[in-house]
Amino acid sequence: MSVTTKPWAVEPEDNLWEPPPVDPSPIPSPEVARELYRRMVLIRHFEDRVDVLFKAGRIPGTIHLSSGQEATVVGTCAALRDDDLITLTHRGHGQALAKGVDPGRLMAEIMGRADGVFRGKGGSLHVGDVEKGAMPALAIVGASSPIADGLAFAEVYRGGDGVVCNFHGDGSVNKGEWHEAMNMAAVWRLPVLFVCENNFYASTTNLRRVLLNDQLSERAEAYRMRNMTIDGNDVLAVYAAIGDAARDARAGAGPMFIECLTYRQAGHKRNDTGKYRPAEEVSVWMARDPIDRLRARLLDEDVVDAAELDALDAEAADRAAAAEAFALASPEPDRAVAFEDLHA
Amino acid sequence: MPEMTTNGASGARPTIVEALRSVIVDEMDANGDVYVIGEDISQGGAFQASVGLLDRFGAERVVDAPISEAAIVGLAIGSAMRGLHPIVDFQYGDFLYAAADQLIQQATKLRYMSGGQVAVPMLIHLPTGASGRGAQHANCLEASFFGVPGVRVVTPTTPRDTAGLMRTALRDPNIVLFCIHKALYGTEGRELLYPETSTGEFGAGEAIPYGSARVAREGTDVTVVANLLMFHRSLAVADMAAEEGVSVEVIDPRTIVPFDVDTVADSVARTGRLITVEESPRRAGWGGYLIGELARLGVLVGAVVERIAAPDLPVPFAPNLEKAVIPNEGQIGEAIGRVISTDATPIGVEALT
């Protein structure tokens, strides 16, 4: 084995990412708890179907599964108002479902069918539904942050009190556009919540190889932006944090950066199994499954009983199955559709 | 002929920058959703396009931004998706490349990728072309983005066309690149080339539709199609040619996306001779596109064609070197001489379907 002294060729000594300590958050109400569980299991069942359909060759192109990251997107969207906006990433299925996008039309979009939310012109990388406040997903890392600033700018310009959530991954914090957008939002006190789904891998690259910060929220500090780092696999923690952040942003407190520590249960994309991640790291995080954790909390504290949770789970499985059936029954888009929608 | 002057010294004829400001003020008065964002615009910007806007509309609608081009364009996109109509003001169009991803990958695709769920009404003002400042302030933005689906590319050459096209652009719910040559603004204290043809009354600034070329000078022997600074050069050369008995038709496309190919086809069908003149590098300029379309229409059968463009080089600084690469009157005159001395067989307008 050759020895090199070139610093960019040296592997970091510590490349393991430990989950944050468990620090139970309060349970808001049984109704909210049920809703959080309902949305999370829907995403899990939906993504399981996407995975199967993709491997069976029924989904063209590529997919980026969000399994394992449900708590961050659900906790966030559940804490927002229906008329608040979110921007979505390339890993956007869960974000869309969390904001209320119809599962059938979402699945049809992912399959490139006529009944897709975007008429089959977006695909898995570009999902959303403006009616639900889910702006069309942008698949270029970092690109959505300045646009989120603009969505918030329009809200303030018109005197509204809406809030914009800019979902982005850990990879974005190394993009210039993200820094420009963070600074601009801070200087102009725009009501943007920069919600970073930090799953520690920018595609396949361990974050420790590409930045020296212990926490990404250090970078928000540089812009004098309010910030926090939270357990992104604890849906109750996310729900509470975003609820406070959105309330303050609505009241004019300006933007906030919320780093949610979470973990991809699948690989980056397609058939990637994530083998570049240490096995011990994967197993520790699998034991921190966000759905299992919420279920355990609700049962331990007698908030919701097991039968009810099982029923919610079965309902989600049915909805995912119905979404798949709806999408499979939808025709391909008419070829004329390719020539539409360039100009308004 | 008068090659150069500075505004203020040239008398009271309205300039392009005055036409630009006038219509921006009109449209901002009429539509509260229109706002301006850019670097240094509270001070008027490099070409003084935003002079007076701050006093009239206030800092809420005349937004001085940090030097963050990607964030400026991105913010404009986001606000446009929510129904505002940003005017993104670039001091030098050259700085747009720093936001190329936002323009090409985000702005132009958002409507398309979402199956029409959003619109992005946005005007980007881009001073373009060489003006004695070396390679990084001399790009032809109109050429760089000519091939990008989803943008209009507007290239006015007179106050009247500037006003009319700005009117159209600010009422268009789409993305417009509004490119004006740096030597044509008439900004006080700056070089103004061809003041005889680049200044003039603009009236009430009635809207001018995209894709309507202007036959600025009628002629029968040769068709010259030229835009921006090259339009004025060609017009000057056409005057000289007339003294020698050569009748040159000069056409200003006014917008290169969409391009009014029909007006040029009609002209070349009569003259049988075509010269395209553009300042941008030869390889990917609109002249190649236009000649291709005319060939496809059969207009060039029996025609003589010349194409003038800059070499595929960056623009050098030394004034004599800049002159060596930017197409000049001499080249245009020589090209006219060459095509005139070659036999041509016009297909005739009746041959056009």
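Respectively, the protein sequence lines represent chains V and F. Numbering follows this note's numbering, with no gaps: position 244 of the first sequence is 244. Numbering follows this note's numbering, with no gaps: position 201 of the second sequence is 1201. Backbone N, C-alpha and C define an ideal beta-carbon position, used for all residues, glycine too. Remember, it's a predicted structure, so these values are computed and weren't measured experimentally.
Quiz prompt | V/A296 versus V/R288 - alpha carbon distance | solution = Answer to the nearest angstrom: the Cα atoms are 11 Å apart.
Quiz item: Which of the three DSSP states, helix, strand or coil, is assigned to F/N1328?
Solution: The answer is coil: DSSP assigns F/N1328 none of H, G, I, E or B.
Quiz item: beta strand (DSSP E) containing V/V130: first to last residue?
Solution: From DSSP, V/V130 is part of no beta strand (DSSP E); its letter is neither H nor E.
Exercise. Kindly indicate which three-state DSSP category F/M1004 falls into: helix, strand or coil?
Key: Because F/M1004 sits at a pLDDT of 39, beneath the cut-off of 50, its placement in the model cannot be relied upon, and the following sentence gives the value as read from the coordinates. DSSP places F/M1004 in the strand class (E or B) of the three-state scheme.
Practice problem: Show which residues of chain B have a CB atom less than 7 Å away from the CB atom of F/A1070. | Solution: As a matter of chain content, chain B is missing from the structure shown, whose protein chains are V and F.
Self-check item: Closer than 8 Å to chain V by CB, F/N1007
Solution: Residue confidence is low: F/N1007 scores 45 on pLDDT, short of 50, so the model does not pin down where it sits. Its coordinate-derived value is still stated next. Chain V, which has no Cβ nearer than 8 Å to the Cβ of F/N1007, makes this no.
Quiz item: Rounded to a whole number of angstroms, what is the C-alpha to C-alpha distance between V/L216 and V/A202?
Solution: A direct Cα-to-Cα measurement between V/L216 and V/A202 gives close to 13 Å.
Self-check item: Endpoints, the beta strand (DSSP E) within which V/H268 is located
Solution: For V/H268, there is no enclosing beta strand (DSSP E), as DSSP marks it with neither H nor E.
Quiz item: With DSSP run on the structure shown, which of helix, strand or coil describes F/I1175?
Solution: In this structure, F/I1175 counts as strand in the three-state DSSP scheme.
Practice problem: Name, please, each residue of chain V whose Cβ falls closer than 8 Å to the Cβ of F/R1111. | Solution: Counting only Cβ-Cβ distances below 8 Å, F/R1111 has contacts in chain V at D341, L342, H343 and A344, in chain order.
Quiz item: Rounded C-beta distance between F/P1327 and F/V1277? I'm assuming under 8 Å.
Solution: That pair is a contact at about 6 Å.
Quiz prompt | From F/R1273, F/G1052 and F/I1256, residue whose alpha carbon lies closest to that of F/L1300 | solution = That would be F/R1273, whose Cα lies nearest to the Cα of F/L1300.
Quiz prompt | From F/I1208, F/P1258, F/T1128 and F/M1081, residue whose alpha carbon lies closest to that of F/R1152 | solution = Closest by C-alpha distance to F/R1152, out of F/I1208, F/P1258, F/T1128 and F/M1081, is F/P1258.
Quiz item: Where does V/N227 fall in DSSP's three states?
Solution: In this structure, V/N227 counts as strand in the three-state DSSP scheme.
Practice problem: Could you tell me whether the Cβ of V/G371 comes closer than 8 Å to any Cβ of chain F? | Solution: The requested residue 371 of chain V is not part of the displayed model; chain V covers only 1 to 344.
Exercise. Give the secondary structure of V/H179 by DSSP, where H, G and I count as helix, E and B as strand, and everything else as coil.
Key: In this structure, DSSP gives V/H179 a helical state, which the three-state scheme calls helix.
Quiz item: For F/S1022, which residues in chain V fall below 7 Å Cβ to Cβ?
Solution: The contacting residues do not exist; F/S1022 stays about 24 Å from chain V at best.
Exercise. Can you grab the Cα-Cα spacing for the pair F/P1209 / F/N1174, in whole Å?
Key: The straight-line gap separating the alpha-carbon atoms of F/P1209 and F/N1174 is approximately 14 Å.
Exercise. Compare the C-beta of F/I1077 with all C-beta atoms of chain V and state if any pair is closer than 8 Å.
Key: So yes, F/I1077 belongs to the interface.
Exercise. Mind listing the chain V neighbours of F/G1211? Cutoff is C-beta to C-beta under 9 Å, in chain order.
Key: Think of a sphere of 9 Å around the beta carbon of F/G1211: no beta carbon from chain V falls inside it, the nearest being about 13 Å out.
Quiz prompt | Distance, V/A253 Cα to F/A1100 Cα | solution = When rounded, the separation of the alpha-carbon atoms in F/A1100 and V/A253 is 32 Å.
Practice problem: Enumerate in chain order the residues of its own chain whose CB-to-CB distance from V/L309 is below 8 Å, with the five nearest sequence positions on each side excluded. | Solution: Excluding positions up to five away in sequence, the list reads Y37, R295, L298 and L299.
Quiz item: From the beta carbon of F/D1101, is the nearest beta carbon of chain V less than 8 Å away?
Solution: By this cut-off, F/D1101 is an interface position.
Quiz item: Among residues of its own chain, excluding the 5 on either side of F/F1095, which ones have a beta-carbon nearer than 7 Å to its beta-carbon?
Solution: Here the set comprises E1069.
Quiz item: What three-state label does DSSP hand F/E1018 in the structure shown?
Solution: If DSSP states are grouped into helix, strand and coil, F/E1018 belongs with the helices.
Quiz item: Given V/L125, which residues of its chain have a CB within under 6 Å of its CB, disregarding the five upstream and five downstream residues?
Solution: Sequence-distant Cβ neighbours of V/L125 in its own chain, meaning closer than 6 Å and more than five residues away, are H90 and A139.
Quiz prompt | Chain-order list of residues whose beta-carbon lies under 6 Å from that of V/M184 (same chain, five-residue window excluded) | solution = These residues qualify, in order along the chain: D149.
Practice problem: Name the residue from V/V192, V/R226 and V/E180 whose alpha carbon lies nearest to the alpha carbon of V/L85. | Solution: Comparing Cα positions, the closest option is V/V192.
Exercise. Answer with buried or exposed for V/T204, where buried requires no fewer than 16 other C-beta atoms within 10 angstroms of its C-beta.
Key: When all chains shown are included, V/T204 counts as exposed.
Quiz item: Who are the Cβ neighbours of F/R1111 in its own chain at under 7 Å, not counting the five residues just before and after it?
Solution: Cβ within range, chain order: V1118, A1119 and V1120.
Quiz item: Under the rule that 16 or more other beta-carbon atoms within 10 Å means buried, what is F/Q1136, buried or exposed?
Solution: So F/Q1136 ends up on the exposed side.
Quiz prompt | Cβ contact check for the stretch 1300-1311 of chain F and the stretch 1331-1350 of chain F: 3 or more pairs under 8 Å | solution = Contact holds: three or more Cβ-Cβ distances are below 8 Å.
Exercise. Determine the contact status of F/P1156 and F/R1254, defining contact as a CB-CB distance below 8 Å.
Key: Taking C-beta atoms as the reference points, F/P1156 and F/R1254 count as a pair closer than 8 Å.
Exercise. Could you check the C-alpha separation between V/K269 and V/A322 for me, to the nearest Å?
Key: V/K269 and V/A322 have their C-alpha atoms roughly 24 Å apart.
Quiz item: What does F/V1224 pair with, by DSSP beta-bridge criteria?
Solution: In DSSP, F/V1224 forms a bridge with F/V1250 and F/I1275.
Quiz item: Who are the Cβ neighbours of V/F54 in its own chain at under 6 Å, not counting the five residues just before and after it?
Solution: Cβ within range, chain order: I63.
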